[in-house]
Structure formats: C-alpha cells, structure tokens
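Working notes for the structure below.
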Amino acid sequence: MVGSRTIEWFTAEIIAGLNDVLRDAGYDLVVYPIEGLEARDAFFEKLPVRSNADAVFVSSFGISPDEVKRLGTAKIPIIGINTTSEGFDATVGINDKEGIKLIVRHLVKLGHRNLLYLYENFSSTLGFSSHNRIVGFQEACNAIGGLTARTLGVQEGDNILDVAISEMMASDNPPTAFCFHQDSQAVPLFFPTAAQWPVHT
Numbered sequence: 017m018v019g020s021r022t023i024e025w026f027t028a029e030i031i032a033g034l035n036d037v038l039r040d041a042g043y044d045l046v047v048y049p050i051e052g053l054e055a056r057d058a059f060f061e062k063l064p065v066r067s068n069a070d071a072v073f074v075s076s077f078g079i080s081p082d083e084v085k086r087l088g089t090a091k092i093p094i095i096g097i098n099t100t101s102e103g104f105d106a107t108v109g110i111n112d113k114e115g116i117k118l119i120v121r122h123l124v125k126l127g128h129r130n131l132l133y134l135y136e137n138f139s140s141t142l143g144f145s146s147h148n149r150i151v152g153f154q155e156a157c158n159a160i161g162g163l164t165a166r167t168l169g170v171q172e173g174d175n176i177l178d179v180a181i182s183e184m185m186a187s188d189n190p191p192t193a194f195c196f197h198q199d200s201q202a203v204p205l206f207f208p209t210a211a212q213w214p215v216h217t
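The numbering used here applies: residue 17 is where the sequence shown begins, and numbers increase by one.
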C-alpha cells in the first residue's frame, strides 16, 4: 500500500521493482493507495478478514504499533519500504534527513547563503517518511551560521513553479538556491533562463 493518490517517480520505481520480482515468482501485485484516514482505517480492518494476500508492502509512510499488530493477525509477512515504523518482518529505506543535510552543506560550500525549501502541503496524519527532509533541512540550516533559509509549504493545486518564480522575482533579497521536496517539482525549473538558479532535490 502507498500513502498517496498520485504515483510519483520514486513510488513508480518501487512498484516496477516489486512487480518484476513477484511476477516471476507467480504472484500478482495489487496497489492499494491510502489517500486519508478513512481509506487507511478501511484497509487495516478489512485485510485480515479478507485473507486474500500473501504479503503486505508498506511504502513511504508510518503505521502505528496497533496497525502493525492488526496486520499481523493475517499471518503474512509485513515489509516496510522507506518507513520509520517498527514491527515489520523486514525493512529497507533511505535516510531522508541526512540526504537533505548533505545538499545544504554542498550548497553552502558553493557559496550560497539564502536557501528556500519548497514542498506541497501534505497530511501529517499519515506519517510520511519524506517529512524528515523538511526536518533535516531546518536542522542543517540552524547548525550553520550566516544562513537565510526558510521552508514554504504550497497548497495542493497551486503551481509550485509559479510560487518559486514569484519568490525569486518579488524579493529584494531572493533565494540563490531552491530545494524541492520532490523531483517532479524541480524538473520544470530546468530551462536556460533560470540556469543561474541552482535547483536541488
């Protein structure tokens, strides 16, 4: 199950990789998007009753110990992918917090002192692992003196590219580097007229 109604590149790669392995082993992969609390509650209540799965992969968001326990009643393996929760049979993931800290230190080494981190607002109730990127950015910037750095949450449906350009054009002291929460948000800024504005994800 994935904690989103849209499939970003990262999740698409996870699905493709799982499908390659599971298909060859004779299993079908069913993707169950979790869009909010109602869908989440329904999943954890119905799966053990249905008993129609051989394993569950939880990708990119956290689940509570009670939810892990409820999944456990189905007597099937529970695999966590990029989640900070505990109680899984196996887990694999990346360090979101350390990754963004490396980016901040790299930008500072290049001479940047005015950073802006942009992301699309998302529900905190699902416990997305990517929230650690925002925390890591703030921690890294707070640890380095002489930085002007801030985070900016963009409302769902607003064009994050428009917001980035507006921030750049409207400020007397515009950011010299943008950090984007996701690749899909950064890619539209890679055009020649913005080459002087480094973009990092």
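Every residue gets a Cβ at the ideal spot worked out from N, C-alpha and C, and that includes glycine.
Residue i - DSSP class collapsed to helix/strand/coil
i: L126; result: coil
i: L134; result: strand
i: I97; result: strand
i: F26; result: helix
i: L87; result: helix
i: S118; result: Contrary to the premise, residue 118 reads as Leu rather than Ser in this sequence. L118 falls in the helix class under three-state DSSP.
Whether residue i touches residue j by CB criterion (8 Å)
i: T99; j: G88; result: no
i: I95; j: D82; result: no
i: L132; j: C157; result: no
i: C195; j: F153; result: yes
i: S75; j: T27; result: yes
i: L134; j: L168; result: yes
i: E155; j: K117; result: yes
Residues of its chain near residue i, where Cβ-Cβ distance is below 7 Å and the 5 sequence neighbours each way are ignored
i: E172; result: E136, N137
i: F73; result: L34, I95, I97
i: I30; result: S75, I97
Nearest-angstrom Cα separation, counted from residue j out to residue i
i: R86; j: R129; result: 48 Å
i: F59; j: A32; result: 22 Å
i: G42; j: I92; result: 17 Å
i: P190; j: I181; result: 10 Å
i: D36; j: E24; result: 18 Å
i: Q201; j: T164; result: 22 Å
For residue i, the nearest candidate out of the options (CA to CA)
i: E183; options: N68, G127, R166; result: R166
i: H147; options: Q198, I176, D57; result: Q198
i: L53; options: D40, V170, F77, A69; result: F77
beta-carbon residue i near the ligand FAD non-hydrogen atom, thresh 7 Å
i: K113; result: Judged by which ligands are present, the structure shown has none, so any question about the ligand FAD falls away.
Own chain partners of residue i with C-beta closer than 8 Å, once the 5 adjacent residues on each side are dropped
i: G162; result: R129
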